[in-house]
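Residue numbers (UniProt numbering): 1 to 416. For glycine and all other residues, C-beta sits at the position ideal for the given N, C-alpha and C.
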Amino acid sequence: MDLTPRIDYFGNFDPHRVPSPCFVVDERALRDNLEVLADVQKRSGAKVLAALKAFSMWSTGPIVAEYLSGVAASGLYEARLGFEEYGGSGAGKEVHVFSASYKEGELNEILQFAHHVIFNSFSQWKRYKSLCLEAQRQRPELRFGLRINPEHSEGHTDLYDPCAPCSRLGIVRSLFEGEDLDGISGLHFHTLCEQDFQPLARTIAAMEEKFGEWLPQMEWINFGGGHHITRSDYQVDELVDTVRAFADRYGVQVYLEPGEAISLFAGILVSEVVDIAWNGENQAILDASATCHMPDTLEMPYRPDITGGARPGELPHDYHLGGQSCLAGDTIGAYSFSEPLQIGDRLVFEEMAYYTMVKTNTFNGIPLPAIALWNSETDELKLIREFGYEDFKTRLSGRDWEILEPALPAGNGGCV
1 MDLTPRIDYF GNFDPHRVPS PCFVVDERAL RDNLEVLADV QKRSGAKVLA
51 ALKAFSMWST GPIVAEYLSG VAASGLYEAR LGFEEYGGSG AGKEVHVFSA
101 SYKEGELNEI LQFAHHVIFN SFSQWKRYKS LCLEAQRQRP ELRFGLRINP
151 EHSEGHTDLY DPCAPCSRLG IVRSLFEGED LDGISGLHFH TLCEQDFQPL
201 ARTIAAMEEK FGEWLPQMEW INFGGGHHIT RSDYQVDELV DTVRAFADRY
251 GVQVYLEPGE AISLFAGILV SEVVDIAWNG ENQAILDASA TCHMPDTLEM
301 PYRPDITGGA RPGELPHDYH LGGQSCLAGD TIGAYSFSEP LQIGDRLVFE
351 EMAYYTMVKT NTFNGIPLPA IALWNSETDE LKLIREFGYE DFKTRLSGRD
401 WEILEPALPA GNGGCV
């Protein structure tokens, strides 16, 4: 896997131009990625959707909408965001929604504006089928699909493998026996995580082997996300050829919904050294927290790269980097630097746009990073959002309390 950017987008960026901590997204890098995806869309005939679960900085929504066919959402709020800020209310832009389960109130709202609604089980589809078909009579463009589980694992981390044994995601082949697919026009699968074309090719083969008998009756097939299409070593031509061949073979519209590929190489996290300490090794405490600002470093886990930093021992000065929270494990990792770190130094963590910005939290009251949009071509810099005390305070309580009536006992008509 080659994660070397085509261009050193942030090589000339001065991290002191923004408050710390701060996520900085480069519009030029974003557009470069979107141009690659738009080319795949044009040559393959697939419709490419931006998966908002990976990157939902909606101030860039109009930019994304210039290139792609719409968005893929994981529930009501992402779907609303796509509809409102990514062109979902405009002609030709689609909002697709998949959730592991829907509450009826959420689904009722989703059915007002979504284009594709995908169900994770036959039980959910049967429960809401009449509701969905009534909404379709009001909005004929509505389509409904099922997420399938090809039972073919390509994931390298169990936490992110939707085809792991006993996965709650997707319907396995054996459960299709005897089921009525009336009202279902498409199938969706998602098996990849930051991978290239060959894992997709193997997954398609496994999917065709298990679900091939139902493919000719479908209008569309969604190949899900996890495609690292904008990497320099991704096999784009093979993807284009495979999508075209599959669409011709079954007479379907193919969808792709990449997440990471939208903002690959397009974002950094600027942080500041707050303190230097020692306890068997040099410690640098930052205003960026693994726990609060980059939790995937603990969940995945992985070690983010730092501009100018290296692995321990590769450069003269080693430090263990950690955040300000009280969690003993709020540690980012061990790094080495060419010069000793000083309080006030700015460090730049690379590859911080996708699956990082969307996961931040305020544990311990640690402030959320600011968000900036920069253009490495024009050098224009916009401070999109700063977060303060009220963002922390109002998250778990509010002033406008509502007194709820006690629930009636179930099963006795309210009689005690």
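Assuming Gly-323 and Leu-286 make a contact with CB atoms under 8 Å, what is their CB distance in whole Å?
-> By 1-based counting over the sequence shown, the position of residue 323 is 323. By 1-based counting over the sequence shown, the position of residue 286 is 286. At roughly 6 Å, the Cβ-Cβ gap stays under 8 Å, so Gly-323 and Leu-286 are in contact.
Unbroken beta strand (DSSP E) runs of length 3 or more, entirely within the region 368-412: which are they?
-> 370-374, 381-385
Starting from Asn-282 and walking both ways along the beta strand (DSSP E), at which residues does that stretch end?
-> Looking up residue 282 in the sequence shown gives position 282. Per DSSP, Asn-282 belongs to the beta strand (DSSP E) from 282-286.
Between the region 250-260 and the region 283-300, do three or more beta carbon pairs fall short of 8 Å?
-> no
How should Ser-149 be labelled, buried or exposed, when 16 other C-beta atoms within 10 angstroms of its C-beta is the threshold for buried?
-> Numbered from its first residue, the sequence shown carries residue 149 at position 149. Here residue 149 turns out to be Asn, not Ser, going by the sequence shown. Buried is the call here.
Per DSSP, the bridge partner or partners of Phe-337 | Taking the sequence shown and counting its residues from 1, one reaches residue 337 at position 337. Note: Phe-337 sits in a beta bridge opposite His-317.
Would a C-beta distance cut-off of 8 Å place Val-25 and Ala-353 closer than the cut-off?
-> Stepping through the sequence shown from its first residue, residue 25 is reached at position 25. Stepping through the sequence shown from its first residue, residue 353 is reached at position 353. A contact, by the Cβ cut-off of 8 Å.
For Gln-124, which three-state DSSP category applies?
-> Here residue 124 is taken as the residue at index 124 of the sequence shown, counted from 1. In the structure shown, Gln-124 sits in a helix (DSSP, three-state: H, G or I).
Using 10 angstroms around the beta-carbon of Asn-33, count the other beta-carbons present and answer buried if the total reaches 16, otherwise exposed.
-> Looking up residue 33 in the sequence shown gives position 33. It counts as buried.
Using the Cα positions of Tyr-67 and Leu-37, report the straight-line distance between them to the nearest angstrom.
-> In the sequence shown, counting from the first residue as 1, residue 67 sits at position 67. In the sequence shown, counting from the first residue as 1, residue 37 sits at position 37. Their backbone Cα atoms lie some 8 Å apart in a straight line.
Quick one: measure Cβ to Cβ for Ile-118 and Leu-146, integer angstroms, because I've assumed they're closer than 8 Å.
-> In the sequence shown, counting from the first residue as 1, residue 118 sits at position 118. In the sequence shown, counting from the first residue as 1, residue 146 sits at position 146. The pair is a contact, with the Cβ atoms about 7 Å apart (cut-off 8 Å).
Are the beta-carbon atoms of Pro-21 and Ser-271 separated by less than 8 Å?
-> Walking along the sequence shown from the start, residue 21 turns up at place 21. Walking along the sequence shown from the start, residue 271 turns up at place 271. Yes, the pair counts as a contact, with Cβ atoms nearer than the cut-off.
Compute the distance between the beta-carbons of Gly-88 and Val-71, then report whether it is under 8 Å.
-> Locating residue 88 in the sequence shown gives position 88, counting from the first residue. Locating residue 71 in the sequence shown gives position 71, counting from the first residue. Yes, the pair counts as a contact, with Cβ atoms nearer than the cut-off.
From the DSSP output, in three-state form, read off Tyr-302 for me.
-> Indexing the sequence shown from 1 puts residue 302 at position 302. Three-state DSSP puts Tyr-302 in coil, outside helix and strand.
Which two residues bound the contiguous beta strand (DSSP E) that contains Glu-94?
-> Along the sequence shown, one-based indexing puts residue 94 at 94. 94-98 is the span of the beta strand (DSSP E), which, as asked, contains Glu-94.
Tell me, which residues are paired with Glu-350 by DSSP?
-> Sequence index remark: in the sequence shown, residue 350 carries index 350 (1-based). DSSP, once it has assigned bridges, lists Ile-268 as partnering Glu-350.
When burial is assigned at 16 or more other CB atoms within 10 Å of the CB, is Glu-402 buried or exposed?
-> Position 402 of the sequence shown, counting from 1, holds the residue named residue 402. So Glu-402 ends up on the exposed side.
Is the region 44-63 in contact with the region 243-250, if contact means three or more CB pairs nearer than 8 Å?
-> yes
Close-in-space but distant-in-sequence residues of the same chain around Leu-347 (CB under 6 Å, 5 per side omitted) | Along the sequence shown, one-based indexing puts residue 347 at 347. These residues qualify, in order along the chain: Ser-271, Ile-306.
Could you give the DSSP three-state label for Gly-186: helix, strand or coil?
-> Here residue 186 is taken as the residue at index 186 of the sequence shown, counted from 1. It is a strand residue.
Between the CA atoms of Ala-100 and Ile-268 - distance to the nearest angstrom = The residue given as residue 268 occupies position 268 in the sequence shown. The residue given as residue 100 occupies position 100 in the sequence shown. Going from the Cα of Ile-268 to the Cα of Ala-100 covers about 31 Å.
Out of Tyr-302, Leu-321, Pro-369, Gly-183, point me to the one whose CA is closest to Asn-279's CA.
-> Within the sequence shown, the letter at position 279 stands for residue 279. That would be Leu-321, whose Cα lies nearest to the Cα of Asn-279.
Consult DSSP for Asn-279 and reduce its assignment to one of helix, strand or coil.
-> Residue 279 sits at position 279 when you count from the first residue of the sequence shown. If DSSP states are grouped into helix, strand and coil, Asn-279 belongs with coil.
Reducing DSSP to helix, strand and coil, say where Gln-324 ends up.
-> To locate residue 324, count along the sequence shown from 1; it is residue 324. Coil, per DSSP.
Drop a sphere of 10 angstroms on the beta-carbon of Gly-413, count the other beta-carbons inside from all chains shown, and report buried for 16 or more, exposed for fewer.
-> Against the sequence shown, residue 413 aligns to sequence position 413. Caution is warranted here: a pLDDT of 46 is assigned to Gly-413, below 50, making its placement in the model unreliable, and the coordinate value is therefore given only provisionally. Gly-413 comes out exposed.
For the alpha helix (DSSP H) containing Leu-250, list its first residue and its last residue.
-> Counted from its first residue, the sequence shown places residue 250 at position 250. It should be pointed out that residue 250 corresponds to Tyr in this sequence rather than to Leu. Residues 236-250.
Identify the residues that DSSP records as bridge partners of Val-18: which are they?
-> Translated into positions along the sequence shown, residue 18 becomes position 18. None, per the DSSP bridge assignment.
May I have a chain-ordered list of the beta strand (DSSP E) segments no shorter than 3 residues that lie completely inside the region 47-85?
-> 47-51, 70-73
Kindly indicate which three-state DSSP category Ala-310 falls into: helix, strand or coil?
-> As a position in the sequence shown, residue 310 is number 310, starting the count at 1. Here Ala-310 sits in strand by DSSP.
Tyr-128 and Leu-107: beta carbons closer than 8 Å?
-> The residue labelled residue 128 in the question sits at position 128 within the sequence shown. The residue labelled residue 107 in the question sits at position 107 within the sequence shown. Going by C-beta atoms, Tyr-128 is nearer than 8 Å to Leu-107.
The region 312-319 in contact with the region 331-338 per 3-pair CB rule at 8 Å | yes
Output the distance between the C-alpha atoms of Ala-164 and Asp-158, rounded to the nearest integer angstrom.
-> Here residue 164 refers to the residue found at position 164 when the sequence shown is read from its first residue. Here residue 158 refers to the residue found at position 158 when the sequence shown is read from its first residue. Rounded to the nearest angstrom, the two C-alpha atoms are 7 Å apart.
Residues of its chain near Cys-415, where Cβ-Cβ distance is below 7 Å and the 5 sequence neighbours each way are ignored | Residue mapping note: residue 415 aligns to position 415 of the sequence shown, counting from 1. In this prediction, Cys-415 scores a pLDDT of 41, lower than 50, which makes its location untrustworthy; no coordinate-derived value is stated.
Starting from Gly-145 and walking both ways along the beta strand (DSSP E), at which residues does that stretch end?
-> By one-based count along the sequence shown, residue 145 stands at place 145. Its beta strand (DSSP E) spans residues 143-147.
Leu-396, buried or exposed, once every other Cβ within 10 Å from all chains shown has been counted against 16 | Stepping through the sequence shown from its first residue, residue 396 is reached at position 396. Exposed: under 16 other Cβ atoms inside 10 Å.
Under a three-way DSSP split, which group does Asn-33 fall into?
-> In the sequence shown, the residue the question calls residue 33 occupies position 33. Three-state DSSP puts Asn-33 in a helix.
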